[in-house]
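Beneath this line is the structure, given in structure tokens, with notes to follow.
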Amino acid sequence: MCTYALSQIVKWDGWHWGPWGRIPKGKVEILPFDNAGERFRRACKIFTVESELFRVWDFSGQTNLFFTNEKNKFLKDSQRQSDHDIVLDLQIYGLSDSVKCKDGKKDESVANSSSGPSLMMNGSAGNMNSNFVRASSGEAGSLGLTGLQNLGNTCFMNSSLQCLAHTPKLVDYFLGDYGREINHDNPLGMDGEIALAFGDLLRKLWAPGAAPVAPRLFKSKLARFAPQFSGYNQHDSQELLAFLLDGLHEDLNRVKCKPYIEAKDGDDRPDREVADEYWRNHLARNDSIIVDVCQGQYKSTLVCPLCRKVSVTFDPFMYLSLPLPSTTMRTMTLTLLNTNGNAAPSPYTITVPKHGKCEDLIKALGSACSLGADETLLVAEIYNNQIIRYLEESADSLSLIRDDDRLVAYRLSKDTGQVPLVVFMHQRREEQYIHGKLTSSWKAFGIPLAARLCESVDGSDIYNLYLNLLSPFQIPAEDAIEDYDISKGTATEEVSGKEGAKSPAIGGDVSPSNVNGVDSPSDVELQFYLTDEKGIVKHSKLVMNEPVAVTGVSRLHVLVCWPETQIEHYDTGLLSSLPEVFKSGFYAKRPQESVSLYKCLEAFLQEEPLGPEDMWYCPGCKKHCQAIKKLDLWRLPEILVIHLKKFSYSRFSKNKLETYVDFPIDNFDLSPYIAQSNGMSCNRYMLYAVSNHYGSMGGGHYTAFVHHGGDQWYDFDDSHVHPVSQEKIKSSAAYVLFYRRVIEV
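Just so we're aligned, residue 480 is where the sequence shown starts under the numbering used here, counting upward by one.
Written out as structure tokens, the structure is:
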């Protein structure tokens, strides 16, 4: 909002810069016989500004609102003839770069104007005459550039207050006679105390030559009505902003008695008709300056995944909380195991929807590992060297997988029949002293290996299958390589180094003579047992060339007991290495991510299933379900507040995302994201304020960047206010963005 005085005889004299942008600094001819409407239209035409941007005040006598174009009403007629000049004050909202020439281009002569800052100030009854009243250049340039003292961790409050205190229309409203609209009867309000405290604070911030203000009164009112902000702990500037906007709305709600209105179903009516009905019902209960300026409307569509029931509502919003794409997606690491023995385990890190399903995981991993058309993946969770569950249900939620879980994916050929899957688990003998006595026991180690077999198998087939799976883990022998011929039960040697050197035996009869009893295999041979799913119980030992019953069995569990002489010839570290799904180091510095604001908006509007904690009760099938939700922007406000969801909370931790969001400053065009034309000719916005957060979760520091006309921005850091270049406005610290609609004339 800019103000300047206007006498009956005024002459065009160019522009100068004020805190809200370009202000005509000369005179325009308005004839004494013109009535109020004609004067208003002449001013609009000369200044090439739409009529909605003007308010005219008469300061020649009693201060009155002289003319407004709202509802095409003349509030005070000026048909009178007078020997004295009529001193008027025109308030122009949101000029600066939002005002264009009629051809859509900026006025370069204005941008290059060398005239210094000068602002014509409002007069007051009793001391105003036909002369212009001007503030000095210093006062004009400093209007609104007043800091707020930090009362002790109140930077979060100061940041939000400065952004609101520089919001067009709100400034004009609270500098005017807003007290007449305070609703003392609203049970949801605070008897006007929050509105009065905010209005008083805003006037102090806009007083000429003001020193930094201590917002103690406002802080005390805030603590009284919102105890969560009492004391002197650090809080969230967006949470304070949300409370303040809602509190101001209720304190200033023009509706004294809210009617009961029952929401009607769409009944297949056109969206525009239903949306207008919802909006009228909303305005019948909520009518304030906050609704006028800050509230919009979006379309919400829910679809039941069971009966396909569709529910459409049109809900108001005060601000948009946009997720960062990295918060709607989840990074997961799995270990891929080939079942043909031609490759070692390989970790793959993939990105899946945070509230996705197992089928999303399989699809992403299949794409990452170039899965063939004749192949499939079997995902399993490993714990204590055992498979504790298989993730086979494609509809299972990925929220069931924790970050510290360890997952493997077995790469298998597609099952063409009832072919059993053989799962191998490993044990080694471990010796330890117990009460001074050396004892030995079997202990599990390594990742379970798996592969498919034909329906008719014997002990030799299982043995050879296991050796094939072990081949990627074998440490190459430097001196000799020994091949074992299972069918003959003999070993042959190939010398490739020192003559006579042998590699240790890795085979032999699957059922050799026992040396130390029934369960004690020889010191040089692998022993195989049929076992249970956990590899604890040894059911029976596999014997060479004896058939193994696999009919009707989907999975065959085999326990392999390793002698120490064999373990040293295999990389058991590789066999045992299994990363967590997601490893987050507390002090680890992640590379900074970058994403555009448009991508954040698209993530907000993207169709997604509701989380398990947000189940929807379907009126069709009478059940709670994870419905598919889709949001669309329908009606946009004049002031658009965007909250970037950088703070994430989970059951076990709190985290701040240091993602750099690339947001537009001059031309934020939302036209492609409007579900249907809502009568607005322009859906483009300009940035005018930013609430910044620096530092870590639960602490850090808040500041604000505010646009102050032309290309000039200021950094409001509590009581310190200083210019900042536009290049520094964009940073990873940006937390809440304040946009105002561009008016094209």
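Built from N, CA and C at the ideal position, the CB exists for glycine as well.
DSSP-derived helix/strand/coil call for residue i
| i | result |
| --- | --- |
| residue 1202 | strand |
| residue 759 | helix |
| residue 679 | helix |
| residue 865 | strand |
| residue 724 | helix |
| residue 591 | Low confidence applies here, because residue 591 scores a pLDDT of 35, under 50, leaving its location unreliable; read the following figure in that light. Residue state, collapsed to three classes: coil. |
| residue 1097 | strand |
| residue 935 | coil |
| residue 641 | helix |
| residue 1104 | strand |
| residue 1119 | strand |
| residue 888 | strand |
| residue 857 | strand |
| residue 917 | strand |
Distance, residue j Cα to residue i Cα
| i | j | result |
| --- | --- | --- |
| residue 1032 | residue 1112 | 55 angstroms |
| residue 743 | residue 774 | 22 angstroms |
| residue 1091 | residue 1121 | 26 angstroms |
| residue 624 | residue 797 | 26 angstroms |
| residue 884 | residue 1058 | 9 angstroms |
| residue 747 | residue 789 | 10 angstroms |
| residue 1176 | residue 1136 | 9 angstroms |
| residue 636 | residue 680 | 13 angstroms |
| residue 916 | residue 1055 | 29 angstroms |
| residue 665 | residue 717 | 25 angstroms |
| residue 630 | residue 1081 | 39 angstroms |
| residue 1204 | residue 1191 | 7 angstroms |
| residue 1143 | residue 1076 | 8 angstroms |
| residue 1042 | residue 925 | 15 angstroms |
| residue 940 | residue 1027 | 10 angstroms |
| residue 1228 | residue 875 | Nothing about residue 1228 can be read from this structure; the chain reaches only from 480 to 1224. |
| residue 1187 | residue 1202 | 10 angstroms |
| residue 1228 | residue 914 | Any property of residue 1228 remains undetermined from this structure, which presents the chain solely from 480 to 1224. |
| residue 862 | residue 906 | 15 angstroms |
| residue 682 | residue 768 | 17 angstroms |
| residue 847 | residue 723 | 48 angstroms |
Check whether residue i and residue j have beta carbons under 8 angstroms apart
| i | j | result |
| --- | --- | --- |
| residue 813 | residue 888 | yes |
| residue 1014 | residue 923 | yes |
| residue 1185 | residue 1216 | no |
| residue 807 | residue 833 | yes |
| residue 662 | residue 655 | no |
| residue 1095 | residue 781 | yes |
| residue 854 | residue 825 | no |
| residue 870 | residue 858 | yes |
| residue 948 | residue 903 | yes |
| residue 688 | residue 1198 | no |
| residue 1021 | residue 1005 | no |
| residue 1116 | residue 650 | no |
| residue 816 | residue 931 | no |
| residue 759 | residue 1155 | no |
| residue 1100 | residue 634 | no |
| residue 674 | residue 696 | no |
| residue 1126 | residue 641 | no |
| residue 1140 | residue 1035 | no |
Cβ-based neighbour list, residue i, same chain, cut-off 6 angstroms, excluding 5 preceding and 5 following
| i | result |
| --- | --- |
| residue 753 | 745 |
| residue 1149 | 1162 |
| residue 709 | 702 |
| residue 809 | 831 and 833 |
| residue 1207 | none |
| residue 860 | 867, 868, 884 and 886 |
Neighbourhood of residue i by C-beta, 8 angstroms cutoff - its chain only, sequence neighbours within 5 removed
| i | result |
| --- | --- |
| residue 1171 | 638, 1181, 1182, 1183, 1184, 1210, 1212, 1213 and 1214 |
| residue 1218 | 1118, 1119, 1120, 1121, 1147, 1164, 1165, 1166 and 1167 |
| residue 1024 | 937, 938 and 939 |
| residue 686 | 625 |
Same chain, Cβ closer than 7 angstroms to residue i, five either side skipped, listed in chain order
| i | result |
| --- | --- |
| residue 919 | 908, 909 and 910 |
| residue 777 | 794, 796, 1110, 1111, 1112 and 1113 |
| residue 1221 | 577, 1161, 1163, 1164 and 1165 |
| residue 691 | 625, 626, 627, 628 and 1198 |
| residue 845 | 856 |
| residue 670 | 663 |
Checklist entry - Whole alpha helix (DSSP H) runs in the segment 736 to 817 with 4 or more residues, listed along the chain? => result Scanning the segment 736 to 817 for uninterrupted alpha helix (DSSP H) segments of 4 residues or longer gives 750 to 764, 768 to 773 and 804 to 807, listed from N- to C-terminal end.
Checklist entry - In chain order, which continuous runs of the beta strand (DSSP E) of length 3 or greater are located wholly inside the segment 1006 to 1055? => result With a minimum length of 3 residues, the continuous beta strand (DSSP E) runs that stay inside the segment 1006 to 1055 are 1006 to 1010, 1017 to 1020 and 1034 to 1041.
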